[in-house]
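In our numbering, the protein residues as written are 168 to 382. All C-beta atoms in this analysis are idealised placements derived from N, C-alpha and C, irrespective of residue type, glycine included.
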Amino acid sequence: MLKKVGLMRGICLLGMFGMFAVGTGCGELKQLRVENQQLSQSLASLQQENANLSATASRYESELNRLENSRRDLESKLAGTGAITKIKDGSVSIVLPDSILFDPGQTKLREQSKATLKKIAGILKTDISNEMVRIEGHTDSDPIQKQKDKYPSNWELSTARANSVLHYLVDECSISPTRVYVAGFGQFQPISDNKTKAGKAQNRRVEFVIISGGG
Numbered sequence: 168m169l170k171k172v173g174l175m176r177g178i179c180l181l182g183m184f185g186m187f188a189v190g191t192g193c194g195e196l197k198q199l200r201v202e203n204q205q206l207s208q209s210l211a212s213l214q215q216e217n218a219n220l221s222a223t224a225s226r227y228e229s230e231l232n233r234l235e236n237s238r239r240d241l242e243s244k245l246a247g248t249g250a251i252t253k254i255k256d257g258s259v260s261i262v263l264p265d266s267i268l269f270d271p272g273q274t275k276l277r278e279q280s281k282a283t284l285k286k287i288a289g290i291l292k293t294d295i296s297n298e299m300v301r302i303e304g305h306t307d308s309d310p311i312q313k314q315k316d317k318y319p320s321n322w323e324l325s326t327a328r329a330n331s332v333l334h335y336l337v338d339e340c341s342i343s344p345t346r347v348y349v350a351g352f353g354q355f356q357p358i359s360d361n362k363t364k365a366g367k368a369q370n371r372r373v374e375f376v377i378i379s380g381g382g
């Protein structure tokens, strides 16, 4: 009789252990399914993010190619004028050294500079007829010595030079005044070292920045 009772208890305990084991296995399986679903969602999200990044990179590459083609086209058309073309902050820029445009310390355009400005104006009317153009004046870091009462700092000098170019384009070359505006940066956007004469010469310049999309 005791043996039968012990056997029954053993069977019951085995059954309970089996049920516990089955219950535990089901719980773990459910958890694994949840984790698998979460991983699948994360994978899908990462795949979408990767696709978005690839599309963005493709757009950037396409825009860079467009800008480079525009720059080369302008470079070809301005050959022999002394103008330099470059890509600046997502726009194509035409750079004229101030030695082409002005005598030292002056803001009046040199007569020989007007042929180059007329050529640029022609390009603005035909090849770039719908774009805004920012005319930037830049100087070296030397402080104003002469005419300090007229130009207290390089900001005033750089702005005055940009204005001279703007007025020539508008008044003499019939560029629409709604398409151009000026900015004077003084010495604060150098493209070379102001410690050498050659570097200072490069920093004294006027830039025509073509604003894509007209904005």
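Between the alpha carbons of residue i and residue j, how many angstroms are there, rounded?
i    : j    : result
T326 : V349 : 7 Å
R239 : Q312 : 39 Å
K197 : N203 : 10 Å
R200 : S225 : 37 Å
V347 : A211 : 48 Å
K292 : A282 : 15 Å
R372 : A288 : 18 Å
C193 : L206 : 20 Å
S221 : S280 : 46 Å
S209 : E228 : 28 Å
F355 : Y335 : 25 Å
T274 : N232 : 36 Å
For residue i, count neighbouring Cβ atoms within 10 angstroms of its own Cβ and tell me buried if that reaches 16, exposed if not.
i    : result
D265 : buried
T306 : buried
E323 : buried
N370 : buried
I254 : exposed
T223 : exposed
L333 : buried
A329 : buried
S296 : exposed
L213 : exposed
F269 : buried
G351 : buried
Take residue i and list the residues in its own chain whose beta-carbon comes closer than 8 Å to its own, dropping the five residues that flank it on each side.
i    : result
P344 : V337
I290 : L241, K244, L245
E230 : G257
N217 : none
Which residues in the same chain as residue i place their Cβ atom closer than 6 Å to its Cβ, once the five residues preceding and following it in sequence are excluded?
i    : result
F187 : Reliability fails at F187, whose pLDDT of 48 lies under 50, so the model's placement of it is uncertain and no value is given.
By Cβ distance below 7 Å, which residues in the same chain neighbour residue i in space, the five residues on each side in sequence not counted?
i    : result
I358 : Q369, N370
S138 : Absent from the model: residue 138. The displayed extent of the chain is 168 to 382, so no value can be given.
T248 : T283, K286
L234 : I254, V259
Residue i and residue j look like a contact to me (Cβ under 8 Å); what is the Cβ gap, rounded to whole Å?
i    : j    : result
V262 : I251 : 4 Å
D309 : K367 : 7 Å
L122 : S341 : Only positions 168 to 382 of the chain appear in this structure, which leaves residue 122 out of reach.
Quick check: the segment 362 to 369 against the segment 315 to 326, are there 3 or more CB pairs under 8 Å?
no
With contact counted as at least three CB pairs below 8 Å, one residue from each stretch, are the segment 299 to 309 and the segment 363 to 378 in contact?
yes
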